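See below for the structure under consideration.
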Amino acid sequence: MLYGIDMNRVAVLESSTSQGFSIVVDNDGIIVDVDTDDIIMKKYREKTFQNVIEATGKSVIPGLVDGHTHPVWAGDRVHEFEMKLAGATYMEVHDAGGGIHFTVNHTCEATEDKLHTLFQSRLKAMVRAGTTLVECKSGYGLDTENEMKMLRVIDRGKKLGGIDISCTYCGAHAIPKNKTASEATKDVLENQIPAIKSQIDDQNMSVDNIDVFCEKGVFNVQQSRDILNAGKQIGLNINFHGDELNPLGSAEMGAEIGATAISHLEEITDNGILAMARSKTIAVILPTTAYILRLKPPPVRQMIDAGVPVALGSDFNPNAYCLSMPTVMHLACVNLRMSMSEALCAATINSAASLGRSDTHGSIEKGKLANLVIVDSPKWQHIIYELGCHSEIISYVIWHGEIV
Ligand code: NIG
Ligand code: FE
């Protein structure tokens, strides 16, 4: 059984079943029909298809949806990986001026064009691994000028196409070196959010979500609540980092203010789980982070049993360098004890829902965008099972009906 808020909406077409299936896509890249080969042949006898992708012996799954990434940055943090392997914690590196601060320095120095080039190559790698919709955050600028620069880079990627993007403003990702947490909160509320609103109003930019790093030593629950509510007031969906390293009550706060999604949740409490189940706030689980930082794994089974909708994200960032959702699904199955069906559902329809896009993305259904992955096996499960092999196991990635 598939688990999700849109249960049963992940269609998996396998050629291991006796019936072959066909998907018909129109010129706008929309699925107009899904049925058995026999029925499609009869129905479209009079029509000539422009392109036919032969997938006999393969399976088709929805294009993967990566619910959480930080893909716009310059600078490299492989040296910190070494420090962490030697025992340093994430917050020790951060407090010593590394971590997010290191990336902020390099990203602020980088030109918009350089960030664009880096971003594009990362998006291409994601597409090769089957991702067709991705959430992309700002958050390495931390001031109006540099946050706007990052948002423009994301917006440019959105307009270029080849992959769908949900853009998240995350100006409250860390406390800038020259500010206290309350000064940083004030800057976000009084300068950054109004600047974004005027760009949205002038239609120069589209921003979809607001994010905050709600964490001990970063933004506390009240500051996070104020920032998220201010974002909500300008029409952004609330989708934030919570209860990652400490159980602060981020889940309870997010459920109360109508968050669409909360990410991480390694330290969520029983009360937090109940609150998210009640409000149907989606938990965006990031198996790479817990794995790399050797954190306590998030209690995914408990969440699923309580009725919290679970989505997946790669958390691609300089700390968790993973662009591959098949790898994320594999880690979710092995380390977090999800079934393969649950992982696929979490990496498609549920992550689409975490971005408010489950009406157009995340399943193979009439009326939805033809974002598809063709898996080179009669059994789709091979995309999860074959760890690190997505380039061999994926035959085609299709975005809006076109092979990309
Ligand atoms: O989701 N926890 C906060 N943000 C990121 C890490 C960003 C970074 O270390 O550069 C995360 O893991
Ligand atoms: Fe993150």
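Going by the UniProt record's numbering, 154 is the number at position 154 of the sequence shown; the sequence numbering is gapless.
Beta carbons: idealized from backbone N, C-alpha and C, even for Gly.
A quick note: this is a predicted structure, and the numbers were derived from the prediction, not measured.
Beta-ladder partner(s) of residue i, from DSSP
i	result
LYS137	THR168
HIS264	GLY242
LEU372	PRO62 and ILE398
PHE21	THR36
VAL310	ALA283
THR131	LEU64
PHE119	In the DSSP output, where bridge partners are listed per residue, PHE119 has none listed.
THR69	PHE316
ILE234	According to DSSP, ILE234 bridges with nothing at all.
ILE30	LEU369
ILE273	Partner(s): none; ILE273 has no beta bridge.
ILE403	ILE398
Residue i versus residue j - alpha carbon distance
i	j	result
ASP187	VAL310	33 Å
ASN191	THR168	17 Å
SER358	LYS216	33 Å
GLU267	ILE39	50 Å
ARG122	MET276	32 Å
HIS116	GLY157	8 Å
CYS345	VAL334	16 Å
ARG77	LEU142	19 Å
ILE403	SER377	18 Å
GLY401	ASP35	17 Å
ALA320	LYS43	48 Å
MET205	GLY130	26 Å
PHE21	ASP37	5 Å
MET126	TRP399	13 Å
LEU118	VAL207	20 Å
GLN19	CYS389	28 Å
LEU355	LYS179	31 Å
HIS173	LEU293	18 Å
Continuous beta strand (DSSP E) stretch holding residue i: start and end
i	result
ASN239	237-242
ALA283	282-285
VAL188	Unbroken run through VAL188: none, as it is neither H nor E.
VAL212	209-214
Close Cβ partners of residue i (< 8 Å) along its chain, the five nearest in sequence each way excluded
i	result
ALA181	ILE175, VAL218, PHE219, ASN220 and GLN223
VAL375	LYS58, SER59, VAL60, ILE61, HIS382, ILE383, ILE393, ILE394 and SER395
ASP6	For ASP6, the pLDDT reaches just 38, beneath the cut-off of 50, and the residue's location in the model is therefore unreliable, leaving the point undetermined.
LEU331	PRO287, THR288 and TYR291
MET150	VAL72, THR107, LEU115, SER138, GLY139, TYR140 and GLY141
Neighbourhood of residue i by C-beta distance below 6 Å, restricted to the same chain and skipping five residues each side
i	result
MET1	Only weak support exists for where MET1 lies, its pLDDT of 23 falling under 50; the value from the coordinates is given anyway. Within the same chain, MET1 has no close Cβ partners at all.
LYS197	ILE234
ARG128	none
LEU189	ALA230
VAL328	PRO287, LEU312 and SER314
PRO247	GLU267 and THR269
ASN146	CYS108
SER279	ALA255
VAL104	TYR140 and LEU142
GLN199	MET205
LYS296	GLU266
Span of the alpha helix (DSSP H) around residue i
i	result
PRO62	Unbroken run through PRO62 is the beta strand (DSSP E), 59-62; no alpha helix (DSSP H).
HIS390	390-393
VAL93	90-95
TYR385	382-385
PRO194	193-201
LYS159	144-160
SER250	250-256
ASN335	325-336
THR107	100-109
CYS345	340-346
Sequence-distant residues of its chain with Cβ nearer than 7 Å to residue i (five each side left out)
i	result
LYS114	ALA74
ALA110	ALA74
GLN302	ILE273
ALA306	ILE273, LEU274 and ALA277
SER391	ARG128
Integer-rounded CB distance, given that residue j should sit under 8 Å from residue i
i	j	result
THR281	ALA261	6 Å
LEU336	VAL300	4 Å
VAL284	HIS68	5 Å
THR48	VAL397	Not really, about 25 Å apart at Cβ, beyond 8 Å.
ILE30	GLY249	So it is not a contact: roughly 42 Å between Cβ atoms.
ASN271	GLU244	Between GLU244 and ASN271 the Cβ distance is about 17 Å, and since that is not below 8 Å, they are no contact.
ILE23	ALA347	Not quite, the Cβ-Cβ distance comes to about 19 Å (not below 8 Å), so this is no contact.
GLY99	TYR90	7 Å
LEU372	GLY63	6 Å
Cβ-heavy atom distance, residue i to ligand 3, below 7 Å
i	result
PRO309	Looking at this structure, you won't find ligand 3 anywhere; what it does contain is ligand 1 and ligand 2.
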